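Working notes, structure below.
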Amino acid sequence: MANVSVYNIEGKEVGTIDLNDAVFGVEVNEHLVHMAVVSQLANKRQGTQKAKTRSEVSGGGRKPWRQKGTGHARQGSTRAPQWTGGGVVFAPVPRDYSFKMNKKEKRAALKSALTSRVEEKKFIVVDELNFDEIKTKKFQTVLNNLNVEKALVVLEDGNKNAELSARNIADVKTAHTNTINVYDVLKYNTVIATKAAVASIEEVYA
């Protein structure tokens, strides 16, 4: 069972916490992690690109000139791809790029990502992040105290002041237990989680 330090908002160690091996101590499955990242990025793609083929371009209903005797190369339509205003060869059409992973694979991938962050010493637990007011400067001070720049901050539900305080800080993103995902865990250099958020993650994924 992994044991990590717990810090306060001043960056001082105030204790330790045991992390559940069922979530933070699993065998890292790089294949599932890769699949989860590719799936998430693919599902974001709109796939709305479209160009017209020669059959969809208006006009060009007759031969521009007769077949023989003009000195020109033979042409069947002014909407052929070689003409200005003509159709596009192998034109892109709207498509769906998304693909699904089953629930067990998604959970295993997230556990692997969290485990890798713990093993890399890039998982920081803070006792709480309760702010009396929405203050970006105060949240930035907390990050400075923890010596963290690019971070994913996992908060317990209902912690609105902390969430809004972090919103305008570059390279910082907040998440909850139900919104945490593999891509964000790997994208940010450090994962910061409150004790309450850790307990919630273990309750859901253990």
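Numbering (the UniProt record's numbering), first residue to last: 1 to 206. Cβ coordinates follow ideal geometry from the N, Cα and C atoms, glycine included. Here the structure is a predicted model, which means the values were calculated and not measured.
inquiry  = What does DSSP give as the partner residue(s) for N3 in the beta ladder?
reply    = Note: N3 sits in a beta bridge opposite D18.
inquiry  = Based on DSSP bridge pairs, tell me the residues matched to I124.
reply    = Paired residues: I192.
ask   = V172 lies in the beta strand (DSSP E); which residues open and close that run?
value = Where V172 is concerned, the enclosing beta strand (DSSP E) stretches over V172 to A175.
ask   = Near E105, what residues of its chain come up, given a Cβ to Cβ distance below 6 Å and the 5 sequence neighbours on each side ignored?
value = A distance below 6 Å between beta-carbons, with the five flanking residues on each side excluded, links E105 to the following residues of its chain, in chain order: L32.
inquiry  = Whole angstroms are fine: how far does the CA of N20 sit from the CA of N168?
reply    = One C-alpha to the other measures close to 33 Å.
task = Find out if the Cβ-Cβ distance for the pair D184, L152 is shorter than 8 Å.
result = For D184 and L152, yes; Cβs fall inside 8 Å.
request  = Taking only beta-carbon positions, decide if M101 is within less than 8 Å of chain B.
outcome  = In the structure shown, chain B does not exist; there is a single protein chain.
ask   = Using the rule of at least 16 other Cβ atoms within 10 Å of the residue's Cβ for burial, across every protein chain shown, is V89 buried or exposed?
value = With fewer than 16 neighbouring CB atoms inside 10 Å of its own CB, V89 falls in the exposed class.
message = For the structure I just gave you, are there three or more beta carbon pairs, one from the segment 68 to 80 and one from the segment 22 to 32, closer than 8 Å?
response = The segment 68 to 80 is not in contact with the segment 22 to 32.
ask   = In this structure, what does DSSP give as the bridge partners for V93?
value = V93 pairs with nothing; no bridge assigned.
task = Please check the pair V154 and V191, which I expect to be a contact at CB under 8 Å, by giving their CB distance rounded to whole angstroms.
result = Contact flag correct, Cβ pair sits at about 7 Å.
A151 - DSSP class collapsed to helix/strand/coil = Of the three classes helix, strand and coil, the one that applies to A151 here is strand, per DSSP.
query = From this set, I9, E13 and A36, which residue's C-alpha is nearest K100's C-alpha?
reply = Comparing alpha-carbon positions, the option among I9, E13 and A36 lying closest to K100 turns out to be A36.
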